[in-house]
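Engineer: Numbering (the numbering used here), first residue to last: 171 to 436. Idealized CB from N, CA, C, for every residue including glycine. Quick one: the structure is below, questions incoming.
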């Protein structure tokens with residue numbers, strides 16, 4: 171086991187719920203999720219909402235069908251409701267969901283679109299065009315992004331069910347990661363569908379850190395092991411599960427920490 175995990179930490183939940191950016195011009199810590207089609211980006215957003223709000227929710231529609239094409243077509247910002255009725259506000263942590271990466275050219279989201287999103291140039295609800303990346307003449311292009319529009323944490327999502335990552339997708343991931351590095355944006359990764367890929371994990375989620383999947387993924391994309399988090403998204407469950415929550419909260423706390431460090435430098 172390469173890492174000890176603090177199972178079900180209420181401190182992590184409280185930490186995430188109480189977080190607030192210290193910069194006056196930044197209302198939300200913005201996390202951008204990207205990865206191949208079927209890696210579970212939308213499902214992760216739903217899972218985060220479940221954990222933060224303490225009940226089952228559906229803020230981001232996700233497809234249950236196995237497909238080689240992305241279910242998400244637009245650039246969407248997902249916020250998490252805090253309170254109810256007239257006291258309803260939003261947690262200062264948001265996720266941006268995008269079209270998935272696909273093998274080859276003219277399919278899936280362009281790596282250049284993700285690079286523009288990092289800088290805050292992609293407007294809300296922009297519909298991604300697999301044939302051509304966003305241009306400055308397009309209405310979906312934001313020419314003057316604020317600090318609030320820019321991405322503060324970049325998260326690469328990969329499925330443990332993917333036995334071999336296509337070389338073209340690996341190249342896109344590395345190119346996006348290099349741009350994030352040039353911009354000083356922290357980058358981390360999440361490995362999803364871990365229970366489906368390994369029988370021992372399916373039996374007991376606490377066996378996750380005995381898996382070889384994170385090590386193989388780290389070697390493939392060049393992301394350090396301590397920046398890769400295994401998670402199980404809520405899919406078939408009808409109530410919350412402490413072990414699922416624990417893995418999600420561990421990743422969430424790191425996102426908040428990384429993002430807050432970046433915000434402090436802006």
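Measuring CB to CB, does residue 494 end up less than 8 Å from residue 200?
Structural biologist: This structure does not reach residue 494, given that the chain is present from 171 up to 436, and the question cannot be answered.
Engineer: Tell me the rounded alpha-carbon separation between residue 277 and residue 300.
Structural biologist: One C-alpha to the other measures close to 5 Å.
Engineer: In whole angstroms, what separates the C-alpha of residue 347 from that of residue 242?
Structural biologist: The straight-line gap from Cα to Cα measures roughly 21 Å.
Engineer: Within a Cβ cutoff of 6 Å, which residues of the same chain sit near residue 429, ignoring the five residues on either side of it in sequence?
Structural biologist: Excluding residues within five positions, the ones whose Cβ falls inside 6 Å are 199, 322 and 323.
Engineer: Taking the alpha carbon of residue 409 as the point to measure from, which residue in 375, 185 and 225 has its own alpha carbon closest?
Structural biologist: Here the closest residue by C-alpha is 225.
Engineer: Judging by CA-CA distance, which residue of 330, 269, 255 and 403 is the nearest neighbour of residue 221?
Structural biologist: For the residues 330, 269, 255 and 403, the minimum Cα distance to residue 221 belongs to 403.
Engineer: Using the Cβ count rule (16 or more neighbours within 10 Å means buried), how would you classify residue 457?
Structural biologist: As shown, the chain starts at 171 and ends at 436. That puts residue 457 outside it, with no answer to give.
Engineer: Let me check one thing: in DSSP terms, what residues is residue 266 bridge-paired to?
Structural biologist: Bridge partners of residue 266: 202 and 247.
Engineer: Going by CA-CA distance only, name the one from 386, 392 and 330 that's closest to residue 342.
Structural biologist: Looking at the Cα atoms, 392 is the closest of the given residues.
Engineer: In whole angstroms, what separates the C-alpha of residue 286 from that of residue 311?
Structural biologist: Their Cα atoms are separated by approximately 9 Å.
Engineer: Taking DSSP as the reference, what is the three-state secondary structure of residue 233?
Structural biologist: Interpretation of residue 233 is limited by its pLDDT of 46, a score under 50 that renders its predicted location unreliable; no figure is taken from the coordinates.
Engineer: Mind the definition here: the segment 201-215 touches the segment 267-275 only if three or more C-beta pairs lie below 8 Å; say whether that holds.
Structural biologist: Judged by Cβ distances under 8 Å, the segment 201-215 makes contact with the segment 267-275, as three or more pairs qualify.
Engineer: Answer with buried or exposed for residue 395, where buried requires no fewer than 16 other C-beta atoms within 10 angstroms of its C-beta.
Structural biologist: It is exposed - the Cβ of residue 395 has fewer than 16 other Cβ atoms within 10 Å.
Engineer: Within 10 angstroms of the Cβ of residue 436, are there 16 or more other Cβ atoms? Answer buried if so, exposed if not.
Structural biologist: Exposed, because fewer than 16 other Cβ atoms sit within 10 Å of the Cβ of residue 436.
Engineer: When the distance is taken between beta carbons, is residue 338 closer than 8 Å to residue 208?
Structural biologist: Cβ distance not < 8 Å, so residue 208 and residue 338 don't count as in contact.
Engineer: How about residue 424 and residue 210: are their beta carbons less than 8 Å apart?
Structural biologist: Not a contact, by the Cβ cut-off of 8 Å.
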